[in-house]
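Beneath this line is the structure, given in structure tokens, with notes to follow.
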Ligand SMILES: [Zn+2]
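Residue numbers (the UniProt record's numbering): 1 to 63.
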């Protein structure tokens with residue numbers, strides 16, 4: 001079974017890429033989902049963008 005890429009950060013976000021039909025999207029353990037992409041590489045970029053930076057303040061738990 002293919003897992004997809006995982007991007008994790010110290011705050012506990014673990015983003016993976018999941019395939020949905022012909023598309024691929026990023027999904028995180030916090031409930032966030034990225035837009036549907038035609039390429040996994042783009043979905044992975046979305047995942048990295050979510051985990052590394054730009055996540056909404058309401059998702060921050062350590063402040
Ligand atoms: Zn997240």
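Glycine included, C-beta positions come from ideal geometry on N, C-alpha and C.
{"Item": "Quick one, are the C-beta atoms of residue 64 and residue 17 less than 7 Å apart?", "Value": "Nothing about residue 64 can be read from this structure; the chain reaches only from 1 to 63."}
{"Item": "Does ligand 1 have even one heavy atom less than 6 Å from the beta-carbon of residue 28?", "Value": "yes"}
{"Item": "By the three-class DSSP mapping on this structure, what secondary structure does residue 27 have?", "Value": "strand"}
{"Item": "Which one or two residues does DSSP pair with residue 8 in a beta bridge?", "Value": "14"}
{"Item": "Could you name the residues of the same chain whose beta carbon sits closer than 6 Å to that of residue 51, not counting the 5 residues immediately before and after it, in chain order?", "Value": "7, 9, 13 and 15"}
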